[in-house]
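>
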Amino acid sequence: MRDNSTAPKPIQVDENSPLFDKTGMLHKEFPSDFRQIRYFTLLIVQSAPPDIKEINLLEQQISEIIKNAVKHGNKCNVEKKVRIWYSFSSEHAHLIVEDEGSGFKDLEKWNDFNKKRQKLLEGQDYEALADFVSYRGAAADENDGGNALFAAVEYWSGGFVFNSKRNCVAMLKRFPQKRKGVELESEA
Amino acid sequence: MELKIRKSGDNYIIDVNGEMDLYNSYKLKELVMKMLEKKVERFIINLENVDYIDSSGIGALIYICSTIKKMGLRLVITNIHGSVKKVIELTKLMGYFPISSNIDEALQRMGS
Chain P
6 MRDNSTAPKP IQVDENSPLF DKTGMLHKEF PSDFRQIRYF TLLIVQSAPP
56 DIKEINLLEQ QISEIIKNAV KHGNKCNVEK KVRIWYSFSS EHAHLIVEDE
106 GSGFKDLEKW NDFNKKRQKL LEGQDYEALA DFVSYRGAAA DENDGGNALF
156 AAVEYWSGGF VFNSKRNCVA MLKRFPQKRK GVELESEA
Chain Y
913 MELKIRKSGD NYIIDVNGEM DLYNSYKLKE LVMKMLEKKV ERFIINLENV
963 DYIDSSGIGA LIYICSTIKK MGLRLVITNI HGSVKKVIEL TKLMGYFPIS
1013 SNIDEALQRM GS
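Quick note, the sequences are listed as chains P and Y, same order. When the letters of the first sequence are read in order and numbered with our numbering, they come out as residues 6 to 193. When the letters of the second sequence are read in order and numbered with our numbering, they come out as residues 913 to 1024.
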């Protein structure tokens, strides 16, 4: 995996993105219980084939999205639901996560912040980067890492897109297809 | 998550055991802040037995690292591996954190 080399990936808003197509996807919904975020995540990830789990990287990335929905979207109000649609194969992970909150209002600010952060990373200006390692939204608390979305836009390389209301996010990661069978040497 | 402190010369090695997640990462932050109050100046955080980290864990490391840097004290994070390494790579902070591959290298970097 290369470091410091890619152009900034903005988070998109596109209600009509094909990533919001739920056809054939499995569905679960959970109350916004902060204590159970990792448990809910495991219930989703258990249907993924082992070869795309990358030990626990897939679990970790999904847990971040569910945490954002529970904590920042639904403000940990257990009356409010997080709805998740998901589909996994050995070649892809596709997720749609919807909360009942008022939407990710800071999205443009976040994109702007990430652009500046990326510039500092490219210039390896680690001193100035100290002010750009964590994004702090207005509602963030000291237990928020402020870095989950930086990793998310990198990990979900097939797309990471919000709906117009910004309370629903769809994401896709494709995994390289493993070759099946034995490759024969071509004869001269 | 379990935290153990041991000493090597003037260096304090914190062995982190378990998962650094949204439920417990604050413990490492609190421990380091207490050690700073007690005038500890040289820290090695050993992640050899950490197989899972999330954004709260990364956030705790960022907080610790920036606090120690601002105070002009010493920190090395060591034995980053597996998905912990991948998550730090995804956040592109491999160059930001002072990282050594093992304790011996960390001690050398500390100049002991």
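Glycine included, every Cβ here is placed at the ideal spot set by N, Cα and C. Model, not experiment: these values are computed from the prediction.
In chain P, what lies closer than 8 Å to Y:VAL999 by C-beta?
The contacting residues are LEU62, GLN65, ALA156.
> Is it the case that the Cβ atoms of P:LYS72 and P:GLY106 are separated by a distance below 9 Å?
Not closer than 9 Å, so no.
> Are the beta-carbon atoms of P:PHE93 and P:ALA53 separated by less than 9 Å?
Yes, they are a contact pair.
> Could one say the Cβ of Y:LEU985 lies closer than 9 Å to chain P's Cβ atoms, at least one of them?
No, Y:LEU985 lies away from the interface with chain P (no Cβ there is under 9 Å from its Cβ).
> Compare the C-alpha of P:HIS32 against each of P:GLU69, P:VAL87, P:ARG122 and name the closest.
Among P:GLU69, P:VAL87, P:ARG122, the Cα nearest to that of P:HIS32 is on P:VAL87.
> On the three-pair Cβ rule with 8 Å, is the region 948-955 of chain Y touching the region 978-989 of chain Y?
Because the criterion of three Cβ pairs below 8 Å is met, the region 948-955 of chain Y and the region 978-989 of chain Y touch.
> List in chain order: all unbroken alpha helix (DSSP H) runs of 4+ residues lying wholly within the region 49-98 of chain P.
Qualifying alpha helix (DSSP H) stretches, in chain order: 62-72.
> If you drop the 5 nearest sequence neighbours on each side, which residues of the same chain put their C-beta closer than 6 Å to that of P:ASP8?
Annotation note: pLDDT 44 at P:ASP8 (below 50); position unreliable, coordinate value reported separately. Nothing meets the Cβ criterion.
> Whose Cβ in chain P lies nearer than 8 Å to the Cβ of Y:GLY994?
Within 8 Å Cβ-Cβ: ILE60.
> Cβ atoms of Y:ASN958 and Y:ILE926: under 9 Å apart, would you say?
For Y:ILE926 and Y:ASN958, yes; Cβs fall inside 9 Å.
> List, from N- to C-terminal side, the alpha helix (DSSP H) runs of 4 residues or more that fit wholly inside the region 960-1008 of chain Y.
Complete alpha helix (DSSP H) runs here, min 4: 967-982, 994-1002.
> Would Y:LEU934 count as contacting chain P if we go by Cβ distances under 9 Å?
Y:LEU934 counts as touching chain P.
> Decide if P:PRO55 is buried, meaning its Cβ has at least 16 other Cβ atoms within 10 Å, or exposed.
The residue is exposed, with fewer than 16 neighbouring Cβ atoms inside 10 Å.
> Would you tell me roughly how many angstroms separate the C-alpha atoms of Y:HIS993 and Y:PHE1009, rounded to the nearest one?
Their Cα atoms are separated by approximately 14 Å.
> With 7 Å as the C-beta to C-beta threshold (strictly closer), list the residues of the region 1000-1020 of chain Y near chain P in chain order.
Those would be GLU1001, LEU1002, THR1003, LYS1004, LEU1005, MET1006, GLY1007, TYR1008, in chain order.
> Less than 9 Å between the beta carbons of P:ASN172 and P:GLU103, yes or no?
For P:ASN172 and P:GLU103, yes; Cβs fall inside 9 Å.
> Pull up the distance between the alpha-carbon of Y:ILE965 and that of Y:ALA972, whole angstroms please.
Approximately 10 Å between the Cα atoms of the pair.
> Would P:ALA74 and P:SER22 qualify as a contact pair, given that the criterion is a beta-carbon distance under 9 Å?
Going by C-beta atoms, P:ALA74 is not nearer than 9 Å to P:SER22.
> Which whole-angstrom value is the C-beta distance of P:TYR140 and P:TRP161, which I expect to be below 8 Å?
Wrong, their Cβ atoms sit about 17 Å apart, outside the cutoff.
> May I ask you to list, following chain order, the residues of the region 125-146 of chain P that have a beta carbon less than 7 Å from some beta carbon of chain Y?
Residues passing the 7 Å Cβ filter: LEU126, GLN129, TYR131, LEU134, ALA135, VAL138, SER139.
> State the CB to CB distance for the pair P:GLU34 and P:ILE89, rounded to an integer number of angstroms; the pair is presumed to be in contact (CB under 8 Å).
Correct: roughly 7 Å between the Cβ atoms.
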